[in-house]
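For the sequence shown, UniProt numbering gives the first residue as 1, with consecutive numbering after it. To start, the structure itself, in C-alpha cells.
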Amino acid sequence: MQMRRPTFFERYALYILCTIFFLVPFALRGARLSLEQMRNDVKDWLPSDFAETSELDWFRDHFLGEQFVLISWKGCTADDQRLDYLARLLVPPPLTEEEKQKVPIDHRLPDFIGDELGLYYPGDEHQGWAGQNEKWFLGNNATWYYLLENGELYKWNGKSTVLGALGRASERVFTGGNSVDGDYVKKVHEEYFKKPKLLQARLFKSVTTGPDVLAQLAAPGGTLVRNEDPSPKDLEEARQKALDRLTGTLFGPDGEQTCLIVTLTDAGKVDLRRTMGHGVLGRPLGQLEELAEQAGVPLEELRLGGPPVDNVSIDEEGERTLARLVSFSVIIGLGLSYMCLRSIKLTIMVFFVGGISAVTSLSLIYWTAGRFIWWLDPTTDAVIMSMPAVVYVLGLSGAIHIVNYYKDVVNESGTLRNAPELTIAHGWYPCTIAAVTTAVGLGSLATSSITPIHKFGIFSAMGVLATLFLLFTYLPAALQMWPPSAAKKKGEAKPVEPSAAGLWISRIGDKVGDYIIANNIKVAIGCLAIFLFFAFGLQYLKTSVQLLKMFDDDARIIQDYAWLEDNLGKLVPMELVVRVEPELLYYDEADPEKALNPLALASENKVDPKFQYKFLERMEMAQRVANVVEEYLGPDGAELVGPPMSALTFAPELPDAGNSTASLSERYAYSKQLEASFNEFVRSDYLRVDKKNGAELWRVSLRLGALENIDYGNFVNDLKQVTEPIMDAYQARDRILAQIDKDRDGAGYVNAKVALLGVNFESAKEAATDGKPNHHDRYGHLDATKVFSETLRDLLVNARIKVLDHDPNAHTQERLDWILNNGRGHADYVALVEPNAIYDMGAIAENANIKGTFDITAHEYTGKEIPRMYADGRPPVSLVYTGVVPVVYKAARTLLTNLIESTVWAFALIALVMMLVLKSFRAGLISMLPNVFPICIVFGFMSWTGIEVDIGTMMTASVAMGVAVDDTVHFLTWFRWGLDEGYTRAHAIKEAYNRCAMAMFQTTIIGGLGLAVFAFSTFTPTQRFGYLMVSLLAVALIGDLVFLPALLAGPLGRVFRPDHKARSKRNDEDDRAEEEPANEPSAEVDTPEVAGEEVEEPRVYPVHGRSRPA
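Given below as C-alpha cells:
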C-alpha cells in the first residue's frame, strides 16, 4: 500500500507554533516597555514647525512658570506651619555655614551628579544583583548605574533587552551568578550608599508661596512700603495693596487661603508619575505626594493643579480605565465567541489571534519607533492606547472568517485532511485584500499633523498587516494540531450542526436577503436618502481637544480643580510676552563692563537714543497690556480670566504719564530705580532677555477657568482685539516722532503739537460717569479705538509732545476749528485716529498751519498674522501669544482639517485598491458607498446633535472604513465568484449571504459587544471610543448586509458582472428577470425547490481569484 504524502501543515505545524510561541515574549516585552513610556503633553501633539509649538518651546526655554504645579489644601494659610515645611522639603533653601560642615552636601550643590545623570532609585529589589551588594539607579535614556559601598558610581554596560536577558540567564546557568561590567563615573560620599534616595536627581526647580510674595511686597523694606520707618498704618495699607494684587493667583477671595507654586526640573518632567503620581496600579507614590505626607498634609486633602497635573492624570486615568475594563472586555468576548463558534478550541485560537495582534501592534512602537521609524519617539499617549482595541477587532474579524472557511471545507469535504491548506487557499485572497485596504484606510491617518494621530495611523496599519502573519501561519497550524472535530483521529470529520442561534440568524438573514433582493431599488434609495441626510450634517461638525473634558465629573482631577478655582483662582495658563527688540532698548548704565544686557548693547541696529524706550517705559508696555486685559476680559469685564500677573505685581506703583518738569523728573528717577532692580525682576520670572538677540521679554501671565466651557478660538481672537491696538499705538508713536524729527532736520520732536482726531476716550468717560454698564463680553463692544487712542496719547505726552484731541461724540466743531486754526495754539501735525464726516483730511493737509498729517485708522485687529519670531517684518514692539490655550486651539483646528484630509485620503486610496481588485472603475466607486456609509451616519449624527469630536474619536472614521471594507471585500469576493460560476445576481447575492453573513454577525457581536464595555469608562476618550466603535460596527454591518446587496441587486449591480467569465446561458434570462416588477419576484426567491436544486450544484471556491472545485 502506497503511503500518502503528508500535507504542508502536517509536516510543519509544530515548527510554526514553536516559532510563534518563541516570538510572543518579544511582543509582550515590547508592549510593556511601550506602556512604561506613556507621556501626554498637548505641546507634543503638534509639529515643531507650527508657530504655536515653536513659540511655546521658545517660551519654556526662557521662562519657568508655564509648567507650574499649584499645591494647596483646606486650611493652607500663612499660619499653617506645614506650608513652610513643605516648601523647604520641595526646594531646600541655600546651605547655611553650619550645614556646610555636615556631610553629605553634594545633593544641595549646583553641579550635583544626580541631576547630571537624571538618577532615580527604584528601590532595593535589584540590590546585590551582581553579588557586590551594589545599589542600582535608573538614569537618563533608560541607562542603569550602580553604586558600591565605597561610594564608587559606575555606568552599567549591559542591555535591558530580551537577548541581553537570555545571555545573562545562560551565564547564570554556567557560572551560578551574574557578573557586572561598568564604566567608572565618579566617587561620591559613602553616606549616599546608606541613603540612596539622596542621590536622586532633584525634581523641583523653584517654589513660591503666597506668604513669601506678600512679605516681599508689604513687609518693612518691601516694594510697596515707601517709608524707611513705616507706621502700622503704612504697613496695613501696603498689605492691602499687595493682597489686591495677589488675590486670584496666590491668595483666595478671603485673603487667607493660600498656596504653593512649584516648577519642575528637566528630570522632574521625564516621568511625571514618578514626580507627582498617585500610586495607580501598584506604582509608588510620586515624590510630591511623599513629601506632602512627610509635611503632615493628608493625601485626601491635597489639591493639585496645573499643566503637569493634567498630563499625569491623563496617563493614570487612561491606564486605570484600561486595566479595569480590558478584563471585562475579554471575558465578554470569550463568552460570545464560544456562543458563536461552539468550540473552546476555536474560541481560544480566535482570541489568541486577536489578543496577540493587539499586543504586537503596541510592541511595534517600542521596537521600531526611533529606530526604523526614526522620526517618531517611542512613547505612548492617550490616543495610541485605543489602537490595541482596533487591531484586536480586525484580527478577530479575520480569524472568524478563516474559521468559517475551515468549517465550510470540513463540512463539505467530510474530512480533516488537507483542510487547513484548503482553508488558506480559499481565504488568503479576500483576507489579504481586506487587510491591505484596511491598512490603507488606517494609514491615511499618518497624514495628520497631530502627532498622536499620526502615530496611530502608522502603527495600527502595521498591526493590521501583522495579523496576516498569524492568520496564515498560527491559525492553520493550530487547526491542524487541535482540530475541533470529534473524528480527528480517524481523519474523518463529522458535520458540524449549527447552533439554535446560528439557525435563527440564518433564517433571519435569508428573509432579509430575499426582501432586499425583491425590493432592491426601494432599499437602495432609502439607504441613500439616510446617507445623504447625515452626510449633509457633516458641515456642522465641531472638534475639541480640551484636556479636562477627557475626565469624568467624579474624577479626582476635576474635584481638585473645582476646589482650587472656588478657593483660589483660575488655573489654565495663557501667556503674553511683550517683546522689545534690542535696537529700542535704552539703558542708563552704558558701561559694557556693567551692562545688564550685553547682547542688546552689542546690537548693530541701534536707533537714535531719543527714539528708544527707557526701562520705565518698557515696564509700562506690560502694564498697559495687563490693564486692558483685566478691563475687558478679567473680573471687571467678561470674567474669562483672573487677575493678570506680571513684573508689575512685584514693582512699586508707577507714576502717571506727564510732560511737566516735575513729572519728567519723577519718571526719570523711577526708571533709574527700576533699572537698578533689573536682576530682581529677572528672578521673579516675569522679565527675561532673549538668548538669541538680547530683546527684552516682559511676561504677562493670564489664567482661564479650567471647568468653564470657553471657546479658545473666540478667546484668543478677543484677546488680540484688545491688545493689538496697544502694539499699533507704539508703532504709530514711532512713526509720528520719526517724521517730526525728520522735518526738524534731526533736531528732535520736543514740544511739537500733535492733534488726534476721532478719539473716543472723552465720550467713553462720560458714558462711565452716566452709570452705563461697564461689562464687556464677546457679544459686547471691545473698543479698539479707545484702547489705541488712550495709549497713543500717553506715549506722545511722555515724549514731551503737546497733544490736542477731538472726540466727535463729545466735542464741538468750534473746538476742531480752534485746533486747526488757532493763532499760536494750533496743531503742527494732525493724526486721524477714526474717520468721520467732519474731518476733511484733504483740506486739512492743505492748511498752511499744518506741517503734516498721519492716517492711523488701521488700528483694529483684522486677523492678520504677525510675522514669525526673528522675522524681518516683525515690529520692534510686539506681542507673543503662547501657553496651553493657543496650542489647544491650533490642535482643535488641525484636528478638524486632518479628519477631513485623512478621510478623503482613505476614501481615495481604498477606492483605488477596490478598482484594482474589481478591475472596474465604476465597480470600485460603487463598492465604496457602503464603506463610507458608517462614517457619514455616525459622524453626521454627532454633527446634528452637537456632539464634539475629540482627539480620542477622530481616528474612528478611518477605523470604521477599515472594518466596513473588511466585510465588503469578503462579500464581493463570494458575489463575484457566484457570477463567475454563471449564477444570476440574485443567486450570487444569496450565496454571498450564506458564506459571509454569519461571520459578519459574529465579528460585530464579539467585537462590538466586547468593545461596548469601554463605553462605561470614566476616561472620556476611551468611553467615546467604546460607544463609537459599537455604533460604527453596527452601521457597517447594515451597510454591508443591507445597502451593498441592494446596490448589487439593482441596476448598478450590472457593473460587477464579469461577462467574459460567465459560464452559463442564464445571463440573458437574468437580465430579463431583473426587468420584471418587484411585486412579481422570481422563482429563485420564492420557490424553495428551485433554489434547493441550484444549491445542489458542485461546490467551488474562489482560489487566487479563480474558481476551483472543493
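Just so it is clear, CB atoms sit at the ideal spot from N, CA and C, and this is done for glycine as well. Just so we're clear, the structure is a prediction, and the values are computed from it rather than from any experiment.
Minimum Cα-Cα distance from Gly883 among the listed residues Pro104, Tyr406, Thr247 and Tyr712 corresponds to Tyr712. In the structure shown, the three-state DSSP call for Gly182 is strand. At a cut-off of 4 residues, the continuous stretches assigned as alpha helix (DSSP H) that sit fully inside the region 214 to 254 are 232 to 246.
Beta bridge pairing from DSSP links Phe971 with no other residue. Taking a contact as a CB-CB distance under 8 Å, the pair Ser927 and Met914 counts as one, their CB atoms being some 5 Å apart.
The alpha-carbon of Leu95 is positioned some 12 Å away from that of Arg88.
Checking the DSSP bridge columns, you'll see Asp711 has no partner listed.
Per the coordinates, the alpha-carbon of Ser958 lies some 33 Å from the alpha-carbon of Phe22. Note on Asn520: 16 or more other CB atoms within 10 angstroms of its CB, so buried under the neighbour-count rule. Counting of Cβ neighbours within 10 angstroms places Asp807 among the buried residues, the total reaching 16 or more. Between Leu585 and Gln623 a beta carbon distance of about 17 Å is seen, past the 8 Å cut, so the two are scored as non-contacting. About 25 Å separates the Cβ atoms of Ile935 and Leu336, ruling out a contact at the 8 Å cut-off. Its chain contains Pro582, Leu585 and Gly694 as the residues whose beta carbon lies nearer than 6 Å to that of Ala600, once the 5 sequence neighbours on both sides are disregarded; these appear in chain order. The Cβ atoms of Ala1046 and Ala524 sit closer than 8 Å to each other. Under a 10 Å Cβ-count criterion, Tyr870 is classified as exposed, with fewer than 16 other Cβ atoms of the shown protein chains found around its own Cβ.
Counting only runs of 4+ residues, the alpha helix (DSSP H) found wholly inside the region 34 to 119 occupies 51 to 62, 81 to 90, 97 to 100 and 113 to 117, in chain order. The three-state secondary structure of Ser701, taken from DSSP, is strand.
Pro484 is classed as buried because its beta carbon has at least 16 other beta carbons within 10 Å across all chains shown. Distances from the CA of Gly296 to each of Ala478, Arg82, Lys233 and Gly282 were compared; the closest alpha carbon is that of Arg82. Contact between Gly114 and Ala215 is ruled out by a C-beta separation of about 32 Å, above the 8 Å threshold. Judged by their CB atoms, Phe678 and Leu596 are nearer to each other than the 8 Å cut-off. If you draw a straight line from the Cα of Thr791 to the Cα of Asp656, it comes to about 12 Å.
Asn311 and Gly1053 have their alpha carbons spaced roughly 52 Å apart.
Taking C-beta atoms as the reference points, Val932 and Leu704 fail to come closer than 8 Å. Here the alpha carbon of Val1035 sits roughly 18 Å from the alpha carbon of Leu442. Gly167 and Val887 have their alpha carbons spaced roughly 47 Å apart. Counting only runs of 4+ residues, no alpha helix (DSSP H) is found wholly inside the region 133 to 164. In the DSSP assignment, Ala369 is bridged to Ile373. Between Ala382 and Gly318, the C-beta gap is smaller than 8 Å, which places the two residues in contact.
Under the DSSP assignment, Glu846 falls in the alpha helix (DSSP H) whose first and last residues are Met841 to Glu846. Taking the C-beta atoms as reference points, Ser701 is found nearer than 8 Å to Pro644.
Using a 10 angstroms sphere on the CB of Leu14, the tally of other CB atoms stays under 16, which defines it as exposed. DSSP, reduced to helix, strand and coil, places His811 outside both helices and strands of the structure shown, so it counts as coil.
Its chain contains Val797 and Arg800 as the residues whose beta carbon lies nearer than 6 Å to that of Asn659, once the 5 sequence neighbours on both sides are disregarded; these appear in chain order. Fewer than three Cβ pairs drawn from the region 423 to 437 and the region 942 to 957 lie within less than 8 Å of each other, which leaves the two stretches out of contact. Val464 is not bridged by DSSP to any residue.
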